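S.K.: Dropping a structure here in C-alpha cells format, bear with me for questions.
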Amino acid sequence: MKAGHFRSLLAQNRPIVLAGAHDAISARIVERNGFDAVWVSSFGLSAAQKSMPDMNVLTMTEVLEVAKNINTAVRIPVIADCDNGYGNAINVMRTAEEFSSAGIAGISIEDATFPKRCSLYGGRHDLVSVEEMAGRVRAAKSAATTSDFVVIARTEALIAGLGLQEAMTRADSYTKAGADAILIHSKAKSSQEVLEFAKSWEGRVPLVVVPTMFPSASVEELSQAGFKIIIFANHALRAAVAAMNAQMKILHQEGRAEVLDGNIASLQEVYDLVGVPEFQARESEFIPSEQEAPGAVILAAGFEKQLLPLNEDKPKTLLEIKGRSILERQMHLLHSAGVHQISVCAGYRAETVKIPNIQLFENPHYESTGIAASLFSAEAALKGRLLVMYGDILFDRALLDRLLDSETDVGLVVDRAWYDLYRTEGQSPDGADLVTTEERPVTSHRFLPSPEPLHIRKIGQKLDKRQVTGEFIGLAYFSPLGVQWLKEAYAKGASTSGPYYEAPSFRQASLCDLLQAVIDQGHPVKAIETYKGWLEVDTFEDYRRAWAKL
Ligand code: SPV
Ligand code: MG
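In short: position in the sequence shown from 1, add 110, done, that's the numbering used here.
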C-alpha cells in the first residue's frame, strides 16, 4: 500500500523529499512537517537506539524492529536504509522479504562490504565487486513480497574515491539488475560531483541524493539538476542532540525545571504528538467504564427518648445486638458489598462514635435540626455514587445489591408489606416514612418485586393513607446526578422561610422532605421494592425483636 503510494510519488513531476528519523516520535515529527516519506537512517538508529557508531553494529532484526515502529507511527511511506543488506545476496534476500512484508515501502542497499563503515567517516571504504552488488540488487527484487516494493541501489564509488566513471559504471550495472532508483553518495564539500553525475546520467531510473556534506544545496537546485529523491538524513537527530544538550546543561546548572519553560515542548505538544486524544476516544469507545465504588453516609445524629435508658450513654446506632452494634453490622454489610468509603453523621453523644475506618461528621445542632441538616453536615462526603441510610436499620444484603444495580439516579428501598398490613389490619406504626408510587401495587398472598423501579410521587409521614403504597425503609441510593439534585434541593430549601413540606421549618426538614423537594423539581425518584427483609430499632419493642431475629 505504502509502496504503491511511494511509486505514485515517483510518477509525479516534482521532487520527493525525505527526512531521516531515528525512532517513532522523530518519524512523526518528520511527517507533521510535511515531508513526503521517512528515511530510517542507519546513522540515526545506531546513535539513538544504541549510542553506537554507524558501522553495521545493529543487526537486521534490530533495524527492522525500529522501522516497523516508525512505519506504524506514520501514514507516509517509509524507506529503510539497510546498509549493505547485512551480508551477501542471501542476507539481502531475507532483508527484502522481511522489510517488504512489514509494509515498508522500500529499502536502500549499498555496495559497501560487510561490515561497512559510515560513508562520512574518514579512512578506508571497501566496496564489493560490481557483479556482487548487481547480485544483491537482483536478490532484493526477487525476494520482495510485493512488486511495488522499491529497491534503491546505492553506490559508494565516490565515497571510496573511485571517481565518477566507476560510479557511473556501477550505477548502470545496478539499474540493469533491476534497481528502481540509484543513490549516488558523496562526502565532497560541494555538490559539484553529484551534480556532474546527474548531468551525465541519462535518466533511466530516478536519482537519489543525500546532501549532508554539501548542505547549501537546496531541494530546488538538486531537483533541477536531475535528482528525484532528496534525503535530509540525519538532521532530526542532530537537532535533538543539540536541543537536549543545551537544555540539560541549563537544567543541571539551575536545578529547577521552570528555567526550561519556553525552550522545550509543552506537555500538551507531546500529548498531541503521541495521540493522547485519540487514545482517550478509543478508551471511551471500547473499554467499559469501571463504575466508581459508591460511598455511604449513615445518619445517626438523633436522640430518641423512648429508648432510654438503653441509649443513655450512646447514640442508637451503637446499641449492641448480640455482641455487635447496629453500626458495626451495617459496616460489615457495606464492606461485603464493596462499599468502603463510609461516613457517619453523629450528633447525640457523638464523642462515643469511635469506629476505625469511618469519616465522622457532627451535627452539633441535632436537637433543633432535622435529618436533612445532619446529612448536610457531611456535605464533603456527598459526592460520586452514594448510599444514604438511617443508623438504626438492618437489612438483607440482597437489598443493597438490588439498589446498587438499579441504575436509578435516586432509588429508595420501599417495603410493600406496609401496604398489605394497612389494607388488612387498617393500622400502621407511627412515624413511618410512607410513599405513594405512581403504580398501584397488586395485592396477592405472593410477592415479586416489580422488575422496573416504580415512580415515587409522594414521600412523608403524613400522607393520605389511602394513597400510600409502601414504606421507605431508610436506605437510599444516589447517582452522581442524584447527589447533585439533592444538593440543589437543599440549597433551594435553605432560602425558604416558614414550613417546609411536613417540617415546621427548613432547619427541621427530614430526609423525606428533602426527597419530596427533589421530586417536585421534576426529577425521577424511584422505588426499589421489597417485601419485609429488614428491621429498624426505633422502640424498646423493636430492640427486643432485633435480638430475637438476629
Ligand atoms: C544514513 O542516514 O544512515 C545514511 C546517510 O546512510 S549517511 O549517513 O550520510 O551515509
Ligand atoms: Mg546509513
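The beta carbon of each residue, even a glycine, is placed where N, CA and C say it ideally should be.
All values derive from a computational prediction rather than experimental measurement.
Thr265: which of Gly245, Ile219, Asp290, His475 sits nearest, CA to CA?
M.R.: Minimum Cα distance to Thr265 is reached at Ile219.
S.K.: What residues are listed by DSSP as bridge partners for Val319?
M.R.: Looking at the DSSP assignment, Val319 forms a beta bridge with Ile340.
S.K.: Are Lys426 and Gly501 closer than 9 Å when you measure CB to CB?
M.R.: Yes, they are a contact pair.
S.K.: Could you compute how far the alpha carbon of Asn179 sits from the alpha carbon of Leu268?
M.R.: Approximately 33 Å between the Cα atoms of the pair.
S.K.: Can you find the residues in the same chain that come closer than 7 Å, C-beta to C-beta, to Gln357, ignoring five residues on each side of it along the sequence?
M.R.: Excluding positions up to five away in sequence, the list reads Leu370, Asn373, Ile374.
S.K.: When every heavy atom of ligand 1 is checked, does at least one fall within less than 8 Å of the C-beta of His235?
M.R.: Not so, every heavy atom of ligand 1 lies at least 8 Å from the Cβ.
S.K.: Note down the Cα distance separating Leu558 from Glu379, rounded to an integer number of angstroms.
M.R.: Their Cα atoms are separated by approximately 58 Å.
S.K.: Let me know the beta strand (DSSP E) ranges lying completely inside the stretch 465-537, each 3 residues or longer, listed in chain order.
M.R.: Correct list: 469-472, 496-500, 503-505, 520-525.
S.K.: Taking 7 Å as the limit between beta carbons, can you name the residues of its chain near Ala157, skipping five residues before and five after?
M.R.: Cβ within range, chain order: His132, Leu347.
S.K.: Ligand 1 heavy atoms versus the CB of Asp133: any closer than 8 Å?
M.R.: No, Cβ of Asp133 sits at least 8 Å from all heavy atoms of ligand 1.
S.K.: Kindly provide the ranges of any beta strand (DSSP E) runs that are 3 or more residues long and lie completely inside the stretch 344-418, ordered along the chain.
M.R.: List check, beta strand (DSSP E) in window: 405-410.
S.K.: From the DSSP output, in three-state form, read off Phe259 for me.
M.R.: Correct three-state label for Phe259: coil.
S.K.: In its own chain, which residues sit with a C-beta less than 8 Å from the C-beta of Thr547, not counting the 5 before and 5 after it?
M.R.: Val524, Leu564, His565, Ile566, Arg567, Thr579, Gly580, Ala637, listed in sequence order.
S.K.: Between Lys226 and chain D, is any beta-carbon pair separated by less than 9 Å?
M.R.: Judged by its chain identifiers, the structure shown contains no chain D, having just a single protein chain.
S.K.: Within a Cβ cutoff of 8 Å, which residues of the same chain sit near Arg142, ignoring the five residues on either side of it in sequence?
M.R.: Excluding residues within five positions, the ones whose Cβ falls inside 8 Å are Leu383.
S.K.: Can you find the residues in the same chain that come closer than 6 Å, C-beta to C-beta, to Val498, ignoring five residues on each side of it along the sequence?
M.R.: Closer than 6 Å at the Cβ level, and outside the excluded window around Val498, lie Val407, Ala586.
S.K.: Between which two residues does the beta strand (DSSP E) carrying Gln451 extend?
M.R.: That run of the beta strand (DSSP E) goes 451-456.
S.K.: Identify whether Ile269 lies in helix, strand or coil by the three-state DSSP scheme.
M.R.: The answer is coil: DSSP assigns Ile269 none of H, G, I, E or B.
S.K.: If you check the beta carbons only, do Ile189 and Phe116 fall under 9 Å apart?
M.R.: Against a cut-off of 9 Å, the Cβ pair of Phe116 and Ile189 comes out as a contact.
S.K.: Where do the N-terminal and C-terminal ends of the beta strand (DSSP E) with Arg567 fall, by residue?
M.R.: Start and end: 564-570.
S.K.: Buried or exposed, going by whether 16 or more other CB atoms sit within 10 Å of the CB of Leu193?
M.R.: At residue 193 the sequence reads Asp, which differs from the Leu that was named. Asp193 should be labelled buried.
S.K.: Assess contact between the stretch 227-237 and the stretch 249-262, defined as three or more Cβ pairs (one per stretch) separated by less than 8 Å. Is contact present?
M.R.: Judged by Cβ distances under 8 Å, the stretch 227-237 makes no contact with the stretch 249-262, as fewer than three pairs qualify.
S.K.: Taking C-beta to C-beta, are Ile126 and Lys338 nearer than 9 Å?
M.R.: It is a contact, given that the beta carbons lie within the stated cut-off.
S.K.: For Met354, count neighbouring C-beta atoms within 10 Å of its own C-beta (all shown protein chains included) and say buried if the count is 16 or more, exposed if not.
M.R.: Exposed, by the Cβ-count rule.
S.K.: Is it the case that the stretch 646-659 contacts the stretch 612-631, given that we only count it when at least three CB pairs across the two stretches are under 8 Å?
M.R.: Because the criterion of three Cβ pairs below 8 Å is not met, the stretch 612-631 and the stretch 646-659 do not touch.
S.K.: Measuring from the CB of Ser151, is there a heavy atom of ligand 2 at a distance below 8 Å?
M.R.: Yes - ligand 2 has a heavy atom lying nearer than 8 Å to the Cβ of Ser151.
S.K.: As an exercise, report each continuous alpha helix (DSSP H) stretch of at least 4 residues that is fully enclosed by the stretch 151-194, in chain order.
M.R.: Listed in chain order, the complete alpha helix (DSSP H) runs (minimum 4 residues) inside the stretch 151-194 are 152-160, 170-183.
S.K.: Using only the heavy atoms of ligand 1, determine whether one of them is closer than 8 Å to the beta carbon of Gly154.
M.R.: Yes.
S.K.: Are Leu504 and Leu444 closer than 9 Å when you measure CB to CB?
M.R.: For Leu504 and Leu444, no; Cβs fall outside 9 Å.
S.K.: What first and last residue would you give for the beta strand (DSSP E) that runs through Glu549?
M.R.: No beta strand (DSSP E) contains Glu549, which DSSP labels as neither H nor E.
S.K.: If we ignore side chains and look at the alpha-carbon of each, how far apart do Ala327 and Pro398 end up?
M.R.: Going by the C-alpha atoms only, they are around 55 Å apart.
S.K.: I want to check one thing, is the minimum distance from the CB of Ser229 to the heavy atoms of ligand 2 below 8 Å?
M.R.: Indeed, a heavy atom of ligand 2 lies less than 8 Å from the Cβ.
S.K.: Less than 8 Å between the CB of Ala343 and some heavy atom of ligand 2, yes or no?
M.R.: For ligand 2, at least one heavy atom lies less than 8 Å from the Cβ of Ala343.
S.K.: If you draw a straight line from the alpha carbon of Pro187 to that of Gln469, how long is it in whole angstroms?
M.R.: Their Cα atoms are separated by approximately 59 Å.
S.K.: Residue range of the alpha helix (DSSP H) that Ala658 falls in?
M.R.: That run of the alpha helix (DSSP H) goes 650-659.
S.K.: Quick one: does the C-beta of Asp193 sit closer than 8 Å to a heavy atom of ligand 2?
M.R.: Result yes, Cβ under 8 Å from ligand 2.
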